[in-house]
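One structure is given here, and the rest of the page talks about it.
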Amino acid sequence: MPIESTDSVPADLPGHGRTVCVTGAGGFIASWLVKRLLQKGYTVRGTVRNPVDPKNDHLRAFDGAADRLVLLRADLMEPESLAAAFVGCEGIFHAASPVTDDPEKMIKPAIRGTNYVLTAAADLGIKRVVFTSTIGTVYMNPYRDAEKPVDDTCWSDLEYCKKTENWYCYAKTVAEQDAFASARQRGIELIVVNPVLVLGPLLQPTVNASAEHVLKYLTGSAKTYVNAAQAYVHVKDVAEAHVRVYEAPAARGRYICAEGTTLHRGELCRVLAKLFPEYPVPTRCKDEVNPPVKGYKFTNQRLKDLGMEFVPVLQSIYETVKSLQEKGMLPVLPEHHHDEDDVVVQDNDIALLVRS
Ligand SMILES: NC(=O)c1ccc[n+]([C@@H]2O[C@H](COP(=O)([O-])OP(=O)(O)OC[C@H]3O[C@@H](n4cnc5c(N)ncnc54)[C@H](OP(=O)(O)O)[C@@H]3O)[C@@H](O)[C@H]2O)c1
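Every position in the sequence shown, counted from 1, becomes a number in this note's numbering once 103 is added.
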């Protein structure tokens, strides 16, 4: 039952009288996006695969949801379900995607599903689409200059993704390139957000893939860490980036969404061990032969130009663990005693005061 009334929304809010759709609304990033859009006064049509599944109940508890959120059943492999969800919308946020390296589960929904989204939007005359892509469509290229920061002009190498069986990056890269081609053909204003690994509190009741990235180092399931490095971003910043690019009339193309720091997995583990010494965090690298891998360099300037500031990475890590504990996804163990009220974390050149 779509509810289009925005009577209760102050006229000075940007979303007043405006209806948008968010695909995969119950997911980690999309839940924060729906929450932010409701805060800004938008009416939101959220697609989920099963509206009566209790795992989507958190969405209905958001402020404004009772009046301005409707959940509709849609599957990326069923174009007519997407078209039905988009009716009456002025813009689409396409966040739904499998997040896996299993080619059977990943390739078709990511590539065809994104194509169906663009086609349905164009058929309905919807002008603006924001697509949640990933940094994995940008940097996965062995031929690029490792010293040069990757930016919105860089593309992952499809043959390399295939050769390394990185089907997530492969599918997202093809999906994004196809989306730009469709957008050009059909006159859609396409804006792509390319987040790095997303951390921060979970609103949804299930553990998503990027929360698992931290969780596995606390439960004892990972005995060592891999020789890899990664940039991170807070989920609230990712949601905010989506809204900012949507609301900036001149925004087009790709926006790398990342806090400025890159951490080697060993640094991530050392931060976790310092903040939460009660957990069995790995202390050894799986690869004891090669030197530590350096992370890709990148620029987040395009989002900074839209006024974005990013939550520091250590804050994101801290909030992720606290959230996993609060949601019962990580057992709370007796805390180690800290000498002072505050825990100072210092690792190489990163330092942050986190209140304990
Ligand atoms: N988290 C990260 O670190 C990160 C980083 C960069 C980019 N991203 C991108 O951000 C987006 C959201 O990721 P997330 O981390 O929030 O993952 P998530 O929590 O797993 O959410 C993914 C959502 O996609 C939906 N979905 C999957 N397959 C679908 C299908 N065939 N039809 C309809 N819906 C489908 C899921 O719906 P169900 O609930 O029905 O399964 C789920 O709500 C993805 O596009 C991902 O590629 C994520």
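For every residue, glycine included, the Cβ atom is placed at its ideal position computed from N, Cα and C.
The model shown is predicted, which means the values in this text are computed figures rather than measured ones.
Listed as beta-bridge partners of Leu175 by DSSP are Thr150. For Ile359 against Phe401, the beta-carbon gap comes to about 6 Å, under 8 Å, which counts as contact. Beta-bridge partners of Gly194 (DSSP): Val123 and Arg231. For Cys360, the uninterrupted beta strand (DSSP E) segment begins and ends at Gly356 to Cys360. Nearest Cα to Thr217 within the set Ala354, Ala199 and Ser313: Ala199.
Taken in chain order, the complete beta strand (DSSP E) segments of 3 residues or longer contained in the region 337 to 384 are 356 to 360 and 365 to 367. About 11 Å separates the beta carbon of Val346 from that of Ala354, a gap too long to meet the 8 Å contact definition. In this structure, Thr237 has its beta carbon less than 7 Å from a heavy atom of ligand 1. Between the alpha carbons of Arg163 and Thr365 lies a distance of about 36 Å. Ranked by Cα distance from Ala168, the options Cys192, Arg176 and Lys143 are led by Lys143. Using a Cβ-Cβ distance cut-off of 8 Å, the region 179 to 194 and the region 137 to 155 are in contact, since at least three pairs of beta carbons, one from each stretch, lie closer than that value.
Lys266 and Asn244 have their C-alpha atoms some 11 Å from each other. Following the DSSP letters along the chain, one finds Ile238 in no beta strand (DSSP E), marked with neither H nor E. Going by DSSP, Pro113 is part of no alpha helix (DSSP H) at all; its letter is neither H nor E. The beta carbon of Glu381 is closer than 7 Å to those of Leu436, Pro437, Glu438 and His439 in its chain, skipping five residues each way along the sequence. Taking C-beta atoms as the reference points, Ala332 and Gly398 count as a pair closer than 8 Å.
The alpha carbon of Ala314 has as its nearest neighbour, out of Gly303, Pro201, Pro154 and Arg247, the alpha carbon of Gly303.
Per the DSSP secondary-structure output, Tyr335 pairs in a beta bridge with Leu300. In the same chain as Val202, and ignoring 5 residues on each side of it, the C-beta atoms closer than 6 Å to its own belong to Ala312, in chain order.
Note on geometry: alpha-carbon atoms of Thr423 and Leu305 lie some 7 Å from one another. For Met411, no alpha helix (DSSP H) segment is defined, and its DSSP state is neither H nor E.
DSSP, reduced to helix, strand and coil, places Leu141 within a helical segment of the structure shown. For the 8 Å CB-CB criterion, Tyr320 and Val416 do not form a contact. Look at the beta carbons and you see the region 273 to 286 touching the region 240 to 259: at least three pairs across the two are nearer than 8 Å. A distance criterion of 7 Å places the beta-carbon of Ala224 beyond contact range of ligand 1, judged by its closest non-hydrogen atom. Comparing alpha carbon positions, the residue from Asp254, Val329, Tyr145 and Ala361 closest to Arg387 is Val329. Take the alpha-carbon of Glu268 and the one of Ser111: they are about 50 Å apart. Within the model, the alpha-carbon separation for Ile291 versus Lys158 is close to 33 Å. The three-state secondary structure of Val317, taken from DSSP, is helix. The closest CA to that of Thr322, considering only His316, Asp115 and Pro383, is found on Pro383. Residues lining ligand 1 by the Cβ criterion, that is a Cβ closer than 5 Å to any of its heavy atoms, are Gly127, Gly129, Gly130, Phe131, Ile132, Arg152, Asp178, Leu179, Ala198, Ala199, Ser200, Pro201, Val202, Pro212, Thr235, Thr237, Pro298, Leu300, Val301, Asn311 and Ser313 in chain order. Between Glu262 and Arg171, the alpha-carbon positions lie close to 44 Å from each other. Listed in chain order, the non-local C-beta contacts of Ser134 below 6 Å within the same chain comprise Leu306 and Gln307, local neighbours out to five positions each way being set aside.
Closest by C-alpha distance to Ala351, out of Pro385, Arg405 and Lys326, is Arg405.
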